[in-house]
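A.B. asks: Okay, here's the structure, questions in a sec.
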Amino acid sequence: MAHAAPAPGTPTRGGRKDAPKAITPPPDIFDHRTHRMARVAVPVLLALVYGYWAAANRRSGGPITGWNLLFGFLTALVFAVVLFAVLTVTPRLRRETHALLWAVFAGVSFGFLYHQAGPSPVRSVGIPLIVAAVTFVVFFYRFYTREDAGGHRVS
Numbered sequence: 040m041a042h043a044a045p046a047p048g049t050p051t052r053g054g055r056k057d058a059p060k061a062i063t064p065p066p067d068i069f070d071h072r073t074h075r076m077a078r079v080a081v082p083v084l085l086a087l088v089y090g091y092w093a094a095a096n097r098r099s100g101g102p103i104t105g106w107n108l109l110f111g112f113l114t115a116l117v118f119a120v121v122l123f124a125v126l127t128v129t130p131r132l133r134r135e136t137h138a139l140l141w142a143v144f145a146g147v148s149f150g151f152l153y154h155q156a157g158p159s160p161v162r163s164v165g166i167p168l169i170v171a172a173v174t175f176v177v178f179f180y181r182f183y184t185r186e187d188a189g190g191h192r193v194s
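In the working numbering, the protein residues as written are 40 to 194.
Okay, here's the thing in structure tokens:
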């Protein structure tokens with residue numbers, strides 16, 4: 040089988056023309072302002088969805104009332120405040136406590152939503168504990184493979 044010879048002046052990688060290129064991250068298509076706005080908009084939207092979901096679970100398909108709307112907005116407000124606190128604190132933590140805080144947040148958030156649907160207290164505690172445990176394992180693995188022991192990102 041014949042191969043084409045490299046043209047004069049063609050750069051080679053690793054001494055070979057057909058060597059694979061180094062993997063580079065994709066370019067960032069958004070500017071700094073867009074990222075700054077998304078840091079606020081995404082948690083606010085998540086909080087509104089969470090508040091609506093909690094209110095819908097609480098009313099169990101019944102009519103929407105003023106108290107139900109108030110409950111939804113207060114739930115969204117508390118969720119947003121706690122989410123902003125978690126997003127602010129977690130980057131400063133070591134990977135173990137970083138993963139633990141996200142697991143607690145996910146478990147409590149899921150447990151509150153699950154409890155609004157009206158299951159037994161045992162299920163309202165047991166299933167969120169499973170969700171928190173799985174979240175901890177996944178996040179710990181993610182942080183363990185992407186951070187050093189001090190919590191600094193490793194590329």
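Every residue gets a Cβ at the ideal spot worked out from N, C-alpha and C, and that includes glycine.
Rounded to the nearest angstrom, what separates residue 207 and residue 186 at their Cα positions?
C.D. replies: The requested residue 207 does not occur in the structure, where the chain is confined to residues 40 to 194.
A.B. asks: Assign residue 69 to one of two classes, buried (16 or more other C-beta atoms within 10 Å of its C-beta) or exposed (fewer than that).
C.D. replies: Answer is exposed; the Cβ neighbour count stays below 16.
A.B. asks: Under 9 angstroms, do residue 86 and residue 110 count as touching if we go by C-beta distance?
C.D. replies: no
A.B. asks: Have a look at the DSSP bridge pairing and note the partners of residue 192.
C.D. replies: 186
A.B. asks: Does the beta-carbon distance from residue 174 to residue 142 come in below 9 angstroms?
C.D. replies: At a Cβ-Cβ threshold of 9 angstroms, residue 174 and residue 142 count as neighbours.
A.B. asks: Using a Cβ-Cβ cutoff of less than 6 angstroms, which residues in the same chain neighbour residue 94 once the five nearest sequence positions on both sides are dropped?
C.D. replies: 107, 110 and 111
A.B. asks: Give every residue of the same chain whose Cβ lies closer than 7 angstroms to the Cβ of residue 152, excluding the five residues on either side of it in the sequence, and list them in chain order.
C.D. replies: 92, 93 and 96
A.B. asks: Considering only the beta carbon of each residue, do residue 125 and residue 140 sit closer than 9 angstroms?
C.D. replies: yes
A.B. asks: Going along the chain, which unbroken runs of the alpha helix (DSSP H) with 4 or more residues stay wholly within the region 64 to 133?
C.D. replies: DSSP assignment within the region 64 to 133 yields the following whole alpha helix (DSSP H) runs of 4 residues or more, N-terminal first: 71 to 98 and 105 to 128.
A.B. asks: Buried or exposed for residue 145, please, with buried defined as at least 16 other CB atoms from any protein chain shown within 10 angstroms of its CB.
C.D. replies: buried
A.B. asks: Which of the three DSSP states, helix, strand or coil, is assigned to residue 158?
C.D. replies: coil
A.B. asks: If we call anything under 9 angstroms between Cβ atoms a contact, is residue 178 one with residue 166?
C.D. replies: Against a cut-off of 9 angstroms, the Cβ pair of residue 166 and residue 178 comes out as no contact.
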